[in-house]
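Numbering (my numbering), first residue to last: 706 to 1032.
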Amino acid sequence: MWTYLALVLATVASGQTTLDQPPGPNTWPPTSTLASTLNLAPSVTPNIINPDAPDGQRICPGYKAANVVTSDNTITADLSLAGPACNAYGNEISDLVLEVQYQNAAQLNVKIYPKYVTPSNRSLYILDESLSPSGSASHECTASNSDLRFEWTNDPTFQFRVKRAKTGETIFDTYGHKIVFEDQFLELVTNMVPEYNIYGLPEAIRGSFRLPNQYTQTFWNQYNEMNDQPIDANMHSTHPVYLETRYNNGSSKSHVVYGRNLHGQEWLLRPDRIIYRTIGGSFDFYFFSGPSPTEALPQQQLSVIGTPVMQPYWALSFHQVRWGYQN
């Protein structure tokens, strides 16, 4: 070993080579460094704080339902634009399909998607089950024995409600609002009870378990060195589902609403409504009747998205999964 070190030192001292020189000619072409200004995106004001942004509820025509077909456990209809297209944030889709399915006693599925879908644009609107599981229907379930009821109207445009069958309590209500469906912008609004209690819409670090009634949850997965810290910022994963609990005379009832969509989204919680917006996909809502939180959440977990993968025994140990952790 000492002989080897002596030879290396002698070679360096003689000037024949240096330890930081490559063994042969450099075969890599020089690479120019891009200007740092290229990292700067143009300044864009989000439409939620831009008073001049187009308001789809005001300028878009909504849709009218036709060719309505009702069976024991389904409702289907064609939805067509109720007026000239507004094209507020893209190209408005003129023809849609409504599919309502009573999947089991506690579960109702409402889908609204384009009528004409081709192989070239299918992935834009239709979410493949290999990416996100969907629920299936039980042959024993019908509208008559379901905990939930679907109601709709065409006055002045197509709107719908989801109610509890026994009490008539409305848990989801688009009455008074239009459906906006464009190739890059979808919007649906549901009316909410005063001082509503909403939990969920993960993943984010929040200052309170109950979501405020003046709050916007953005769903666009991000990961960087510092995003484990900010309060209310969108984080590593998206699960567009919320649980609502309503209290009355010392008792309570809960239900779950799940919006099956993997595109970028915003859920705008406002004092009297929730505004749901997404930049792709379709409307694919699941409603779970509960009526307790411990019933509603497992209903949604087990019947639609499935359970987490069982972890192997060897993985149940201490892990440092990234840099920056202090303990």
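Quick reminder that beta carbons are idealized off the backbone N, C-alpha and C, glycines included.
- Rounded to whole angstroms, the gap between the alpha carbons of Phe-886 and Val-815 is 15 Å.
- Around Asp-800, the same chain offers Ser-785 and Lys-820 as residues with beta carbons nearer than 6 Å, after the five sequence neighbours per side are excluded.
- Leaving aside the five residues that flank Leu-916 on each side, the residues in its chain whose CB is nearer than 8 Å to its CB run, in chain order, Ile-903, Tyr-904, Gly-905, Leu-906, Gln-922, Tyr-947 and Leu-974.
- Residue environment: Leu-832 is assigned as buried (16 or more neighbouring CB atoms within 10 Å of its CB, all protein chains considered).
- Of the residues assessed, His-882 falls on the buried side of the cut-off, its CB having 16 or more other CB atoms within 10 angstroms.
- Excluding residues up to 5 positions away in sequence, Cys-791 and Ala-793 lie with their Cβ nearer than 7 Å to the Cβ of Ile-764 in the same chain.
- Here Glu-874 is actually not in contact with Ile-980; their C-beta atoms are around 22 Å apart, not less than 8 Å.
- The residue among Thr-823, Gln-1005 and Thr-750 with its C-alpha nearest the C-alpha of Gln-808 is Gln-1005.
- Excluding sequence positions up to five before and after Pro-976, its CB lies within less than 7 Å of the CB of Asn-918 and Gln-919, all in the same chain and listed in chain order.
- Counting along the chain, Gly-964 sits inside the beta strand (DSSP E) bounded by residues 956-964.
- Judged by DSSP in its simplified three-state form, Thr-1012 adopts coil rather than helix or strand.
- With 16 or more other Cβ atoms from the protein chains shown falling within 10 Å of its own Cβ, Ala-1001 counts as buried.
- Note on geometry: alpha-carbon atoms of Arg-978 and Pro-1003 lie some 26 Å from one another.
- Taking C-beta separations shorter than 7 Å and ignoring five residues to either side along the sequence, the partners of Phe-877 in its chain run Arg-866, Val-867, Thr-895, Val-962 and Phe-992, following chain order.
- When the five nearest sequence neighbours on each side are left out, the beta carbons in the same chain lying within less than 7 Å of the beta carbon of Phe-863 are those of Gly-767, Tyr-768, Lys-769, Ala-770, Leu-784, Trp-857 and Ile-884, in order along the chain.
- Per the coordinates, the alpha-carbon of Ile-984 lies some 19 Å from the alpha-carbon of Asp-757.
- When secondary structure is reduced to three states using DSSP, Glu-892 falls in the strand class.
- Residue state for Glu-804 is assigned as strand, using DSSP reduced to three classes.
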